[in-house]
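S.K.: Shown below is the structure under consideration.
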Amino acid sequence: MSSLLKQVKMLVLDVDGVLTDGRITYTDSGEQVKSFLSRDGLGIRMLMDNRIQVGIITGRTSGALAHRCRNLGIDLVFDGISDKGAAMDQIAVSTGIPLSAMAFMGDDLIDLPAMQRAGVAVAVADAADEVKTRADIITRAGGGKGAVREICEAILKASGLWEKALQPFLP
């Protein structure tokens with residue numbers, strides 16, 4: 400796994416089923432409610448603090464996601480996207496990071512075009528079977544249950560950045 404992740408300069412994430420457990424809750428007024436794991440957020444910040452970019456490509460649009468991305472400092476957000484492969488191409492052009500240096504993490508069939516373009520395709524443990532079959536890496540944790548933190552730590556370790564990433568938390 401580490402040899403695959405050593406080249407990663409950007410992690411691109413799906414949201415529902417990756418950053419969340421995939422459940423979508425609606426209030427009586429029609430608002431979407433999403434729950435995000437704080438440990439995943441810290442993993443994302445650790446990547447970004449060590450110059451590994453993070454982006455989002457999701458098929459849905461939600462205020463909860465916008466708040467979460469602002470909180471984490473993620474500026475590269477493609478929401479309401481039906482063609483995630485084309486969005487990956489746009490990210491490569493806009494950032495100058497080649498697709499081969501990107502990892503995409505998904506859980507369902509809509510994620511396959513992005514996974515196939517990325518240098519490293521990552522599936523969460525509870526992803527659809529067709530997604531896991533086509534993944535280079537499958538996390539031990541499920542979506543919304545630490546899978547993002549797991550891959551963030553693996554990228555930092557493979558890149559030789561883990562000890563540096565730990566320094567702000569050590570006495």
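Counting in the numbering used here, the sequence shown runs from 400 upward without gaps.
For each residue, glycine too, the CB sits at the ideal point set by N, CA and C.
Please read all numbers here as calculations on a predicted model, not as lab measurements.
#1: State yes or no: is the C-beta of Asp507 within less than 8 angstroms of the C-beta of Ala486?
#2: Rounded to whole angstroms, what is the Cα-Cα separation between Val453 and Ile423?
#3: Take every Cβ of the region 460-475, pair it with every Cβ of the region 496-510, and state whether three or more of those distances are shorter than 8 angstroms.
#4: Rounded to whole angstroms, what is the Cα-Cα separation between Ala540 and Ile443?
#5: How would you write the range of the alpha helix (DSSP H) that Val519 sits in, first residue to last?
#6: State buried or exposed for Thr571, treating a residue as buried only when at least 16 other CB atoms are found within 10 Å of its CB.
#7: Among all the DSSP beta bridges, which residues are the ones paired with Phe477?
#8: Find out if the Cβ-Cβ distance for the pair Val547, Met501 is shorter than 8 angstroms.
#9: Let's see if you can read the secondary structure: which residues bound the alpha helix (DSSP H) around Leu410?
#10: Grouping DSSP H, G and I as helix and E and B as strand, with all else coil, what is Ile496?
#11: If distances are taken between C-alpha atoms only, which option among Lys544, Gly542, Leu565 and Gly543 comes closest to Glu552?
#12: Between Ala572 and Ser428, what straight-line distance do the alpha-carbon atoms span, to the nearest angstrom?
#13: Under 8 angstroms by Cβ, that's how I've got Ser401 and Ala524 pegged, so tell me the actual separation to the nearest angstrom.
#14: Along the chain, where does the beta strand (DSSP E) that runs through Ala463 open and close?
M.R.: Based on what the coordinates show:
#1: no
#2: 23 angstroms
#3: no
#4: 16 angstroms
#5: Where Val519 is concerned, there is no enclosing alpha helix (DSSP H), although the beta strand (DSSP E) it sits in stretches over Val519 to Ala522.
#6: In this structure the chain extends from 400 to 570, so residue 571 is not present and cannot be described.
#7: Ile456
#8: no
#9: Unbroken run through Leu410 is the beta strand (DSSP E), Met409 to Leu412; no alpha helix (DSSP H).
#10: coil
#11: Leu565
#12: Because the chain is modelled from 400 through 570, residue 572 falls outside the range shown and cannot be assessed.
#13: Between Ala524 and Ser401 the Cβ distance is about 19 angstroms, and since that is not below 8 angstroms, they are no contact.
#14: From DSSP, Ala463 is part of no beta strand (DSSP E) but of the alpha helix (DSSP H) over Gly462 to Leu471.
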